[in-house]
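Number of protein chains: 2
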Amino acid sequence: MEQTINILKKHGISPSYQRVKIFGYLMETKTHPTAYDIFAKFKSEIPSLSKTTVYNVLSALKEKNLVNEVHIEGHETRFDAEMRQHGHFKCSVCGQVSDLFLTQDLNQILSQKLVIQDIQFNVTGICNQCLTLQNNN
Amino acid sequence: MEQTINILKKHGISPSYQRVKIFGYLMETKTHPTAYDIFAKFKSEIPSLSKTTVYNVLSALKEKNLVNEVHIEGHETRFDAEMRQHGHFKCSVCGQVSDLFLTQDLNQILSQKLVIQDIQFNVTGICNQCLTLQNNN
DNA sequence: TACAATTTTATAATGATTACAAATTTAGAA
DNA sequence: TTCTAAATTTGTAATCATTATAAAATTGTA
Ligand SMILES: [Mn+2]
Ligand SMILES: [Mn+2]
Ligand SMILES: [Zn+2]
Ligand SMILES: [Zn+2]
Chain P
626 MEQTINILKK HGISPSYQRV KIFGYLMETK THPTAYDIFA KFKSEIPSLS
676 KTTVYNVLSA LKEKNLVNEV HIEGHETRFD AEMRQHGHFK CSVCGQVSDL
726 FLTQDLNQIL SQKLVIQDIQ FNVTGICNQC LTLQNNN
Chain L
626 MEQTINILKK HGISPSYQRV KIFGYLMETK THPTAYDIFA KFKSEIPSLS
676 KTTVYNVLSA LKEKNLVNEV HIEGHETRFD AEMRQHGHFK CSVCGQVSDL
726 FLTQDLNQIL SQKLVIQDIQ FNVTGICNQC LTLQNNN
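Residue numbers (our numbering), protein chains in the order written: chain P, 626 to 762; chain L, 626 to 762.
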């Protein structure tokens, strides 16, 4: 909470109630929620909350490089406060999205030399939990 | 043309005029067009063409694994008939999307063992053409 | 307190995609 | 060839995510 506020301040974002809530949530969760997920999560706690505010806050955070967007499938844009270089694994059974790191830098195995600003990668498959469930049936 | 028709037939898709045109285009282009790009490209040649048909054809092709969707940024879904495992490079200056291959299999450098169905990766940066233009100014 | 700037909110607009049902085309039986 | 059923295409309307806009509420400061 205090920590969340400090990070926002340090990046020139004044820590309004909504911003602290949303950014705090993104810092602590690993679920890669969509804008709508975030809206739904806080709607009861902050009844006045507007979907527009969620989008506004997310776009401010993105602007200041405090969150990244994750694009796995068409439509759905997810948000992530984990800013280390990493990719994502989406389970095609349960739909969960988790972080995925590489044992080697992707930069180094690209077939072309290019000026690179960002790398994202997404893997689809079956998570270990769903796999276990499948095997026990 | 004959080739395009054969591939469609082999995959159980009857080669209607629209399907041959759209799939043929996807086979020959490397631009990774959106549904709308495809619609715009053929609208004058096939005046009756409907956007719905473009979506129908694309979803049939996807179903039969003749094309893949490419998701780089939110909104835009692009289509690709290159079915070899590869990733994409999007130039942040000119917006072009090109294929990108790796010198090593991504599978092998994932930090976790997982059942994998699909891998996609997207790199953003500055293409060599835009880089040259920049340096000459 | 008073006032300007910032932030939030509700509502409307936009753009991509899907749903739906009518119109057209195609393929095969008679 | 003609007829008919199935497949395909088409136009329109609906839906969903996101952005635009302007009014309302909040905040910081004189
Ligand atoms: Mn992540
Ligand atoms: Mn490609
Ligand atoms: Zn799972
Ligand atoms: Zn470029």
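We put the CB at the ideal spot given by N, CA and C, even for glycine. Here the structure is a predicted model, which is why all the values come from computation and not from measurement.
DSSP three-state assignment for GLY712 (chain L), whether helix, strand or coil
strand
Inter-stretch contact at 8 Å, needing at least 3 Cβ pairs: the region 730-742 of chain P / the region 639-655 of chain L:
no
Looking at chain L, is there any beta carbon in it that lies within less than 8 Å of the beta carbon of SER684 (chain P)?
no
Closest to CYS752 (chain L) by C-alpha separation, out of L:SER717, L:SER736, L:GLN729, would be which residue?
L:SER717
Would you say GLY699 (chain P) lies against chain L (beta-carbon separation less than 8 Å)?
yes
Who are the Cβ neighbours of GLY649 (chain P) in its own chain at under 8 Å, not counting the five residues just before and after it?
MET626, THR629
Spatial neighbours of ALA685 (chain P) within its chain, please: C-beta separation below 8 Å, excluding the five flanking residues on both sides.
Result list for ALA685 (chain P): ILE638, ARG644, in chain order.
Can the beta-carbon of ARG709 (chain L) be found less than 8 Å from the beta-carbon of VAL722 (chain L)?
no
When we look at the beta-carbon of HIS712 (chain P) and count the other beta-carbons within 10 Å, is it buried (16 or more) or exposed?
Contrary to the premise, residue 712 (chain P) reads as Gly rather than His in this sequence. Buried is the call here.
Quick check: is the beta carbon of GLU670 (chain P) nearer than 8 Å to any beta carbon in chain L?
Not one chain L Cβ lies under 8 Å of GLU670 (chain P).
Within its chain, find whatever has a CB closer than 8 Å to the CB of ALA660 (chain P); leave out the 5 residues flanking it on each side and keep chain order.
LYS676, VAL679, TYR680, LEU683, THR702, PHE704
Ignore the nearest five residues each way along the sequence and tell me which others in CYS719 (chain L)'s own chain have a CB closer than 8 Å to its CB.
Once the five neighbours on either side are set aside, the close Cβ partners of CYS719 (chain L) are CYS752, GLN754, CYS755.
How about GLU707 (chain L): is its C-beta nearer than 8 Å to some C-beta of chain P?
no
Using a Cβ-Cβ distance cut-off of 8 Å, determine whether SER736 (chain L) contacts chain P.
The beta-carbon of SER736 (chain L) is placed less than 8 Å from the nearest beta-carbon of chain P.
For a quick check, are the C-beta atoms of LEU651 (chain L) and SER736 (chain P) less than 8 Å apart?
no
Reduced DSSP category for ILE671 (chain L) - H, G, I as helix; E, B as strand; rest coil
coil
Would you say ASP743 (chain L) faces chain P, with C-beta separation under 8 Å as the test?
yes
My output table needs one value for ILE751 (chain L): the three-state DSSP class, helix, strand or coil.
strand
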